[in-house]
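K.L.:
Under our numbering, think of the first position of the sequence shown as 1, with each following residue one higher.
Pasting a structure here, questions to come.
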Amino acid sequence: MSSAQPRVIVKSDPSRLSIEWLDGHTTVYPTARLRAICPCARCVNEHTGQRMHDPRSVPADLTHTSVRLVGNYAVSLTFADGHDTGIYSYQFLRDNDPGS
């Protein structure tokens with residue numbers, strides 16, 4: 001059993017995303033943190049891995065307007081600032097648990 005497989009994804013609060021993982025662990029991601037660590041090509045240079053988006057520029061009270069499943073491996077969010085190109089794999093989310 002992979003620890004990076006969600007059991008339940010809760011998206012009812014636009015200021016956070018909660019995931020209960022199959023191993024019983026629950027992670028709560030503030031929306032602003034997800035925007036700050038966005039892995040998309042606009043935010044991270046695909047060739048160098050250098051972050052091009054300054055995480056400090058994300059307002060602490062940023063919300064999301066939608067959360068969509070991407071296949072069986074990820075979620076994609078649309079943020080209130082209009083950004084919507086990030087795909088957050090379950091492994092990426094588990095590796096970036098803000099409580100770890």
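Just so it is clear, CB atoms sit at the ideal spot from N, CA and C, and this is done for glycine as well.
Would you report the Cα separation of E20 and I87, rounded to the nearest angstrom?
P.N.:
Roughly 19 Å between the two C-alpha positions.
K.L.:
Between the region 65 to 72 and the region 26 to 34, do at least 3 Cβ pairs fall closer than 8 Å?
P.N.:
No: fewer than three Cβ pairs fall under 8 Å.
K.L.:
Just list the beta strand (DSSP E) runs in the region 3 to 69, keeping only unbroken ones of 3 residues or longer that don't cross its boundaries, in chain order.
P.N.:
Segments of the beta strand (DSSP E) lying fully in the region 3 to 69: 6 to 10, 16 to 21 and 26 to 30.
K.L.:
Just to confirm the assignment, what range does the alpha helix (DSSP H) spanning Y90 have?
P.N.:
Unbroken alpha helix (DSSP H) run through Y90: Y90 to D95.
K.L.:
Over the uninterrupted beta strand (DSSP E) stretch that includes A74, give me the two end residues.
P.N.:
Its beta strand (DSSP E) spans residues A74 to F79.
K.L.:
Using the Cβ count rule (16 or more neighbours within 10 Å means buried), how would you classify V8?
P.N.:
V8 should be labelled exposed.
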